Amino acid sequence: MKKLTIVFIALLVLAGCANKNTTKQELRVYNWGSYIDESLITEFEKEFDAKVIYDKFDSNEAMYIKVASEDSYDVLYPTDYMIERLRVEDRLQKLDYSKIPNYTATLDSLKGRAMDPTAEYTAGYSGKCRYCL
0 MKKLTIVFIA
10 LLVLAGCANK
20 NTTKQELRVY
30 NWGSYIDESL
40 ITEFEKEFDA
50 KVIYDKFDSN
60 EAMYIKVASE
70 DSYDVLYPTD
80 YMIERLRVED
90 RLQKLDYSKI
100 PNYTATLDSL
110 KGRAMDPTAE
120 YTAGYSGKCR
130 YCL
């Protein structure tokens, strides 16, 4: 649970939700069906006074159809071949590592995977790669 909380904190930073507005910031996440427990999302929303829009998909292809139709998300969880496809089609935004200071603590083995060798679009954790749109 602690690892997932840390992941959500990183996602919040990636999406720029630290902004001090009077309205709650939204973090739009598109992920595999049962990857994150709903109670963790609720806990995250309370702790960071943010609203998480958490949509789920059951295949890379289903996710691609929604993303290709111009649906915008802050964070996606596709697998390696779909990351490559989205990158080649210019559907991903490069990460701003100046806003992710703890990235330097990420294991080197999780950086620069084959589908994103320079880690411009992906930030690995827990053996998987993730990125921000």
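Here numbering that gives the first Met the number 0 is used: position 11 in the sequence shown is 10, and no number is missing along the way.
Here a beta-carbon is modelled for each residue, glycine too, at the ideal position from N, C-alpha and C.
All figures in this text were calculated on a predicted structure; none of them were measured in a lab.
Member of the options whose CA lies at the smallest distance from the CA of residue i
| i | options | result |
| --- | --- | --- |
| E44 | R86, T117, V28 and S68 | V28 |
| L85 | S97, E46 and S71 | S71 |
| N101 | A122, V87, L91 and K93 | A122 |
| L75 | S68, L91 and V87 | L91 |
| P116 | K93, K98, S97 and I99 | K93 |
| S58 | P77, T103, I99 and E37 | P77 |
Test item: CB-CB of residue i and residue j under 9 Å
| i | j | result |
| --- | --- | --- |
| I82 | Y120 | yes |
| A49 | K23 | yes |
| K55 | Y34 | yes |
| E88 | A67 | yes |
Contact belief for residue i with residue j at Cβ below 8 Å, rounded distance in angstroms
| i | j | result |
| --- | --- | --- |
| L39 | D73 | No, L39 and D73 are not in contact; Cβ-Cβ is about 17 Å, not under 8 Å. |
Task: Complete runs of the alpha helix (DSSP H) confined to the stretch 56-114 [at least 4 residues] - done: 59-67 and 79-87
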